[in-house]
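Residue numbers (the numbering used here): -1 to 872. One structure is given here, and the rest of the page talks about it.
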């Protein structure tokens, strides 16, 4: 059984409750303290801040009352209650009150843990379900997460059982998703697909040559660095005729103007064919949407993809009208050009596969991605302008010309398989023979369907549940296979039905954890879903089976191994998606009029996410101190981010560690572009939103929601008032002032950064202000104006003053213990599926204290958490 039975739980809870009764004298002392110092402001009449303590239940086992008592404890301990304007208790009285209350709260929470455990029984979240099936079926590319409903969130994470409900919609999606995953694992043909190597030339691909014209949003044919005049004139003339007659608006089958020959020498001159290219001076964007149409992945598999091309420089172009220019003299590029490589499938679904840097000489970049059946390859010269129709310009154009990129060919090798049938198919059907039916679908053959089904189900259940399969479980799912066979399904579909039921069963979906000390197997599960966000591997399961995970040295060695394993990138991705809200990167875009330089700049937003993940991984790998969460003397950037941050001498798409100058505003997580983007709305920044984020995510201070009757502060984009002026009026309201004294200071410091994280000293407006000249990445002229100066100064609640983000960072890093506490709190929620409770605080303190010698290194904090009682108890 997965949980203790209700009768056992009730008995344990009864016994625990009998140990929690608070002595009458202690209750009287608590009441006296409230009467003397709290009820004047928090009785049933005044109830300031919505807090009525006059009828506070003294039963600490009452969950709602317990939360209020914790709030009282923390406010009194922090010196916030009673307020300075009231008569305050002497230190001895305050200490006695806190000691009594702390003892009572701890006893009550420990009693609940004894009966129920720290964490709620929970299911796999979307990330975990996807990774678990990827591991089980050995399909590392399997896309499942987005097929399931969004997970509930509690304490900023999607790991807490209270928020992970299981509705009928959820179960329906589990069924369809599991069935989809299983069908992806089945072999698609009898014989192993032959791996072939094929080269696809841009001069022979319609999606490249159909756009040959004489303007920026077009392509033009080259041979090395020479314009191929013959084919350029022929296709340019054809396109002009199409536009004059409006024939380009008709379907191709209705067009009368005959196109010229394909602009290539083809196989008649292989040497020249390899020198041919199609050039662009803008990045890939409609209607200049180039991709390799002649290649479509024949099946879902791994492929080697090689892309050839080079950077070019196009000399000054004679302008004939607003839109059309003569192509200038072509020469080798004056620098490299970063090329982002995407998979593409119509209508416009793309996945980033990687990047290569085209050099001034012909360059071949290689990637080894998984491609889905039917996907093509779309290259994008991401640094180049991505212009829209209208009155456009090129921000990279100078009097001497403009940069561009020339695409030569794509070479694809594959599909690549290590074995056939694939490992996932062998898990499902073993060595049973397969054949193709009349429709071409692969069917598994069985001479003894029920015997084979029983054998295969037993093995599958053992792998899925990560423990031996008992006869009862096998019989339960065998009945589904029998029913499917009886109602006309063939053996393949009947087995898929049985396997689908296994993957939707409680034993698969839910974690097996009982109140009290976790078994070694449960510890292995918890450890794997913590550091890999996926199931334990054979080595970890083997150690758990021999009950060796209770050995501190063996446990530490396993944590080291797992952090060094590539699967730890799943932890980095999932943890940062929720701790830092990186999953919200696509929730908004920068306003096109206020921030034109960021428009359609996919390279920038993609680089932001990559930077944060690489930075956090470096903190783990190097065991860097927790103060690096707030500030550091380095960043990990590519060229696009370096330019965004004002850093020089960084070229190319590869990320590398860059040392920062002493006066830099960068370093740490708070001033990374990704964090500054997810804490803005695309149009304006708010000290409130960013201040709440810093308090909750970095400092570990929960901020209560604002009163419903008080309207939110909306920044003024007209340039008439500053956000600081608006907040000053807002905080005149007593109910707002208390919280804003904590929230606003960090938010004010971060006002030095715009909605995409660029440093600024003045706000922008569309009304009043100083005009600015320039062209955005989307080819449109600037319309915004520079308005009021940014004031990034503030005062912390503890009284310290700062002038800017640099000084704020110095103040925050001067208290590494607080940063370590906050980080461990977040890590504990993610790792254990439960928030740090009142009675856990001493354990967190112990973890932090034991990490001091390493300067509270991130890797050390992970080790200490895993070794703690919190981690090893449900």
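Just so you know, even glycine gets a beta-carbon here, dropped at the ideal spot from N, CA and C. Since we're looking at a predicted model, the values are computed, not measured.
### Task
Drop a sphere of 10 angstroms on the beta-carbon of residue 615, count the other beta-carbons inside from all chains shown, and report buried for 16 or more, exposed for fewer.
buried
### Task
Pick out the complete beta strand (DSSP E) segments inside the region 35 to 105, 3 residues or longer, and give them in chain order.
none
### Query
Where does residue 336 sit, in a helix, a strand or coil, going by DSSP?
strand
### Message
Between the region 807 to 822 and the region 141 to 149, can you find at least three pairs of beta-carbon atoms closer than 8 Å?
### Response
Judged by Cβ distances under 8 Å, the region 141 to 149 makes no contact with the region 807 to 822, as fewer than three pairs qualify.
### Task
Could you name the residues of the same chain whose beta carbon sits closer than 6 Å to that of residue 492, not counting the 5 residues immediately before and after it, in chain order?
Result list for residue 492: 479, 482, 483, in chain order.
### Query
Nearest-angstrom Cα distance between residue 873 and residue 649?
The chain is shown from -1 up to 872; residue 873 falls before or after that span and cannot be answered.
### Query
Since residue 671 contacts residue 754 with CB under 8 Å, what's their CB separation in whole angstroms?
6 Å
### Task
Decide if the region 278 to 288 is in contact with the region 209 to 223; the criterion is three or more beta carbon pairs, one per stretch, under 8 Å apart.
yes
### Query
If we ignore side chains and look at the alpha-carbon of each, how far apart do residue 335 and residue 848 end up?
49 Å
### Query
When the Cβ atoms of the region 749 to 763 are set against those of the region 774 to 787, are three or more pairs found closer than 8 Å?
yes
### Status (buried if at least 16 other CB within 10 Å, exposed otherwise) for residue 194
Exposed, since its Cβ has fewer than 16 Cβ neighbours within 10 Å.
### Task
Please go through the same chain and pick out, in chain order, the residues whose beta-carbon is closer than 6 Å to the beta-carbon of residue 24, but skip the five residues on each side of it.
98
### Message
Helix, strand or coil, according to DSSP, for residue 403 in the structure here?
### Response
Correct three-state label for residue 403: strand.
#### Entry: Residues near residue 27 by beta carbon distance below 8 Å, same chain, minus five either side
94, 95, 98
### Message
Is it the case that the region 656 to 664 contacts the region 587 to 598, given that we only count it when at least three CB pairs across the two stretches are under 8 Å?
### Response
Here the region 587 to 598 makes no contact with the region 656 to 664; the two share fewer than three CB pairs at distances below 8 Å.
### Backbone CA spacing between residue 476 and residue 369 [nearest angstrom]
35 Å
### Message
Which of the three DSSP states is assigned to residue 814 in this structure?
### Response
helix
### Task
Go through its chain and collect everything with a Cβ distance to residue 104's Cβ below 6 Å, but skip five positions before and after it.
837
### Query
DSSP state of residue 782, grouped into three classes?
Under the three-state reduction of DSSP, residue 782 is assigned to coil, being neither helix nor strand.
### Message
Could you tell me the alpha carbon to alpha carbon distance between residue 257 and residue 208, rounded to whole angstroms?
### Response
9 Å
### Message
What does the Cβ neighbour count give for residue 779, buried or exposed, with the cut at 16 atoms within 10 Å?
### Response
exposed
### Query
Can you give the Cα-Cα distance for residue 133 and residue 852, rounded to whole angstroms?
35 Å
### Message
Let me check understanding here. Comparing Cα to Cα, which of 406, 362, 350 lies closest to residue 380?
### Response
350
### Query
Does the Cβ of residue 620 have 16 or more other Cβ atoms within 10 Å, making it buried, or fewer, making it exposed?
exposed
### Task
Could you tell me if residue 77 is buried or exposed, where buried requires 16 or more neighbouring beta carbons within 10 angstroms of its beta carbon?
exposed
### 7 Å Cβ shell around residue 407 - same chain, five flanking residues per side excluded
197, 198, 199, 200, 306
#### Entry: CA-to-CA distance, residue 250 to residue 283, given in whole angstroms
22 Å
### Message
If I measure Cβ to Cβ from residue 651 and keep anything under 6 Å in the same chain, skipping five residues before and after, which residues do I get?
### Response
Once the five neighbours on either side are set aside, the close Cβ partners of residue 651 are 336, 353, 355, 636.
### Message
Do residue 54 and residue 66 have their beta-carbon atoms positioned less than 9 Å apart in this structure?
### Response
yes
### Task
Grab the span of the alpha helix (DSSP H) containing residue 518 for me, first residue to last.
518 to 529
### Message
Between the alpha carbons of residue 111 and residue 749, how many angstroms are there, rounded?
### Response
A direct Cα-Cα distance of roughly 43 Å separates residue 111 from residue 749.
### Task
Work out the CA separation of residue 654 and residue 634 for me, nearest whole Å.
The C-alpha of residue 634 lies about 5 Å from the C-alpha of residue 654.
### Task
Ignore the nearest five residues each way along the sequence and tell me which others in residue 433's own chain have a CB closer than 8 Å to its CB.
188, 440, 441, 443
### Query
Under 9 Å between the Cβ atoms of residue 494 and residue 114?
Contact check for residue 494 against residue 114 fails: the beta carbons are separated by 9 Å or more.
#### Entry: Euclidean distance between Cα positions of residue 870 and residue 554
14 Å
#### Entry: Contact set for residue 152: own chain, Cβ-Cβ below 6 Å, skip 5 residues either direction
Taken in chain order, the residues that qualify are 158, 160, 161.
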